[in-house]
Amino acid sequence: MFSLRINRPVGLRFLILLSYLFISEFPVCAGKYESPWFAGLNLSLNQRLCSYELSGGEIEQYRRKNLFTYGFSLGKRFGLLSNLRLKLPFLINYGRVLEDTVDQVILEDNSVEQLHLHTSLLHLGTVPELQFVFNVSSDAEMFLCAGGGFHYCRANEEETIAGDPNVRIIDSYLEDSRAFSVSADAGAGVELIIRDKRLSFQYGFRYWIPVFYETRRDLFPYKAIEYKEKYFTHTIQISLLINR
């Protein structure tokens, strides 16, 4: 079965290759097409489909609450042909969602509290993409894009007392996932040309699996089973591009 998770050595080699491309110029670009640097902000809605892999290969799936993440990107874009270019962004995103509220929980000091369970996601990565450009006017362009990304993701759960989020509860069943993942990405956007700068507005869709671990919680206290979350991510981003 096709997997969107990759092992660490392969991921590190991929990152080294992209770093080399990031600081270099493609021969086909040199002196002919623009290769601007860019910085951008983004906001993402992550739809989460969770699954347990039970004994006998049976899969149990359910949906969890949508997770909003926000972040920024830095990178460089290379012109390959008059209507084809390659974008190499490095990005970081973070988000947090309230998963559940539990009433009347007795703590070690015999106090009774209401608890909140949160899940947070931090990911760093790069998403190379090819952009096919359509000229709209002398100061505007539209483009379609497609590519794939490589990400390091950390997702963790935490419990806090309702009304006092600074007090965290220690619970051995809280999960913590650290994983590498690849993604499939596509989107479209418009770019405005303002003197020697460009302003880009882009929508993107991503399919990936940023959360993966083995769990013994809830119905599985004696035998660890595989748990993962598939994300269907919708992103809106705005970027400023400047030629060096």
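The working numbering puts the first residue of the sequence shown at 1042, with every later residue one more than the last.
We put the CB at the ideal spot given by N, CA and C, even for glycine.
For residue i, the first and last residue of its enclosing beta strand (DSSP E)
i	result
S1327	The first residue shown for the chain is 1042 and the last is 1285, placing residue 1327 beyond what the model contains.
N1083	1078-1094
N1207	1205-1210
L1185	1181-1202
D1237	Element bounds for D1237: n/a, residue is neither H nor E.
L1148	Segment: none, L1148 is in no beta strand (DSSP E) and carries neither H nor E.
N1284	Note, N1284: premise wrong, no beta strand (DSSP E); not H, not E.
E1075	Segment: none, E1075 is in no beta strand (DSSP E) and carries neither H nor E.
L1215	Element bounds for L1215: n/a, residue is neither H nor E.
E1099	Counting along the chain, E1099 falls outside any beta strand (DSSP E), and DSSP gives it neither H nor E.
Proximity of residue i and residue j at Cβ, strictly below 7 Å
i	j	result
G1112	S1280	no
Y1244	I1277	yes
R1195	L1215	no
H1157	A1203	yes
A1187	A1220	no
E1094	E1267	yes
A1181	L1233	yes
Y1248	A1225	yes
R1126	Q1088	no
C1091	E1200	no
E1170	G1120	no
S1218	Y1272	no
V1177	N1124	no
Inter-residue CB distance, residue i and residue j (contact presumed, cutoff 8 Å)
i	j	result
F1079	L1240	Contact flag wrong, Cβ pair sits at about 10 Å.
L1340	I1133	Residue coverage of the chain in this structure runs from 1042 to 1285, which leaves residue 1340 outside it and unanswerable.
G1189	V1223	6 Å
G1116	K1128	7 Å
G1136	S1161	7 Å
F1191	T1167	6 Å
F1242	T1274	With a Cβ gap of about 17 Å, F1242 and T1274 do not count as contacting.
Environment of residue i [buried if 16+ CB atoms lie within 10 Å]
i	result
A1250	The displayed chain sequence assigns Ile, not Ala, to residue 1250. The residue in question, I1250, is buried, as its Cβ has 16 or more Cβ neighbours within 10 Å.
T1142	exposed
I1103	This sequence places Tyr at residue 1103; Ile is not what is there. Exposed: under 16 other Cβ atoms inside 10 Å.
N1083	buried
P1130	buried
G1072	Because the pLDDT at G1072 is just 47, under 50, the model does not fix this residue reliably, and the value given afterwards should be weighed accordingly. Its Cβ having fewer than 16 others within 10 Å, G1072 is exposed.
P1077	buried
Q1155	exposed
R1236	exposed
S1213	exposed
L1122	exposed
S1114	buried
L1108	buried
V1252	buried
Contact with chain D by residue i, beta-carbon distance below 7 Å
i	result
F1242	The structure shown contains no chain D; it is built from a single protein chain.
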